[in-house]
Structures are given as structure tokens and as C-alpha cells.
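**Q**
Numbering (our numbering), first residue to last: 269 to 503.
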């Protein structure tokens, strides 16, 4: 449509989204809102293995929950170099379980931090990052060779936080002594302490079994527990 006025030509025409007004060409573009970034969280702040009565360790699962994903769309969860894919729910929520068995199987007593992120594959957007710690049920003693009365460094991980770790000393099937070592710290039950390898005056020649657990009273079925064999040679 064209109209003429005394002040000149004022043309307004709308064709295929193009507006011509006052001799100036302008484009009308539809505004598409950006996709909302999905949000994830983890149910645990530190993952440690559980233990069966026979001593077998069971790896936990890293449970990740989220929202704001494309309904029914594909989600890629990444921790480190490992990626897991699966669908979001029809409402856009996410519930996923990731394996951490490769980290739980470690024999090094320490806690490690995992960074987990999710990607909405359909929308091409990333979630927030979630940090979760993982610790195996493990111990170490250094140096590896020492006299029974020498002070050695005991390190632990994966025990129950806030409770003391005890060492029970067994020789030829008989409980010979015990010493309290250190209290496990939150959130992953990590601890380190220097103590004599054996309570003073206890050791004598033979193959000793030492059980580390969190009970002042010895039981071969206490959980969690770790066992080490130490050979003491005649002096």
C-alpha cells in the first residue's frame, strides 16, 4: 500500500517480513529465546565402597539428578574422559547412575575429586559443574620395612568419618593386643598418623595378622575392615 502526503512520500509495505518506512529498509526478525541451561546435582558428596560380611567390596554408584533438559532428549554426562549417554524424562528431568568402580578399586588411600557436567545434546547447552569426592577403602604403611617398635606412617581412606580406627594384632589365631590409631575425617574417612608399628613390647617372631577396623572390640567380621600380614623375624 502506498500513500502520498504534502510532506513527501511515506511508503509502508509489508512483504515477506520486510518493512519499508519513510524510505528506510528495515528487517523484522523473530526473537527466539535461548534454551535454559540444565541444572544437575549429586546425591552424595563422597562415595566410598560398602563391604559384605565376607570382606568383598561393593562399589557405589554416582547418582546424578537434573532438570531443564529437552523433554525426552539425549543427555551426555561426562566425568573426566568418560562419557555416558541416555535420555531425559518427558518432563525434562534426569536421573542417572554413573559407575566409579575404576576409582574405588584403587589401593592408594586418598580422596579424589570428580567433576561432572551434563550436555543437553538436542539444545546444545551445558549444565553447571558438580564436584564429588571418591575414596577407596584402603590403607598404607611407610616405610614398608621397619622394626616393630619403629614409628611408621599409617594412612587410611574410606572409613566412617568421626570414628577411631583401631589396629588388632593376632598371632597364631589369638588376639595379642590392640592400639587406637587415629580418628577418620569427613567426608571420605581419610586419616594419617605416626605410631609404633606394634604396641611397645608386644611383637615377637612369627607371622602376624593385623586387622584395621573401627571397633575397639575385635571381631573378624567387623565392617569396614582391612587386613595385613606382617612377618616379624627373630632379633
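Each residue gets a CB set at the ideal place from its N, CA and C atoms; glycine is no exception.
Does the pairing of the segment 430-449 with the segment 359-376 give three or more beta-carbon distances under 8 Å?
**A** Because the criterion of three Cβ pairs below 8 Å is not met, the segment 430-449 and the segment 359-376 do not touch.
**Q** Tell me whether the beta-carbon of residue 496 lies closer than 9 Å to the beta-carbon of residue 457.
**A** On the chain shown, position 228 is the one that residue 496 refers to. On the chain shown, position 189 is the one that residue 457 refers to. Their beta carbons are not under 9 Å apart, which means residue 496 does not touch residue 457 by this criterion.
**Q** Looking at residue 391 and residue 337, is the spacing between their C-beta atoms short of 9 Å?
**A** As a working mapping, residue 337 is identified with position 69 in the chain shown. As a working mapping, residue 391 is identified with position 123 in the chain shown. Contact: yes.
**Q** Going by DSSP, name the residue or residues bridged to residue 384.
**A** The sequence position of residue 384 within the chain shown is 116, counting from 1. DSSP, once it has assigned bridges, lists 347 and 398 as partnering residue 384.
**Q** Within 10 angstroms of its Cβ, does residue 316 collect 16 or more other Cβ (buried), or is it exposed?
**A** If you number the chain shown from 1, residue 316 lands on position 48. The residue is buried, with at least 16 neighbouring Cβ atoms inside 10 Å.
**Q** Taking its Cβ as the centre, do 16 or more other Cβ atoms sit within 10 Å of residue 489, making it buried, or is it exposed?
**A** Residue mapping note: residue 489 aligns to position 221 of the chain shown, counting from 1. Residue 489 is exposed by the Cβ-count criterion.
**Q** According to DSSP, is residue 494 helix, strand or coil?
**A** Counting from 1 along the chain shown, the entry for residue 494 is found at position 226. Strand.
**Q** Would you call residue 289 buried or exposed, if buried means 16 or more other Cβ atoms sit within 10 Å of its Cβ?
**A** Taking the first residue of the chain shown as 1, we reach residue 289 at position 21. Caution is warranted here: a pLDDT of 43 is assigned to residue 289, below 50, making its placement in the model unreliable, and the coordinate value is therefore given only provisionally. Exposed: under 16 other Cβ atoms inside 10 Å.
**Q** Quick check on residue 494: buried or exposed, where buried means 16 or more other Cβ atoms within 10 Å of its Cβ?
**A** As a position in the chain shown, residue 494 is number 226, starting the count at 1. It counts as buried.
**Q** According to DSSP, is residue 481 part of a helix, a strand, or is it coil?
**A** Counting from 1 along the chain shown, the entry for residue 481 is found at position 213. Strand at residue 481.
**Q** Alpha carbons only, please: which of 483, 437 and 385 is nearest the one belonging to residue 474?
**A** Counting from 1 along the chain shown, the entry for residue 474 is found at position 206. It is 437 whose Cα lies nearest to the Cα of residue 474.
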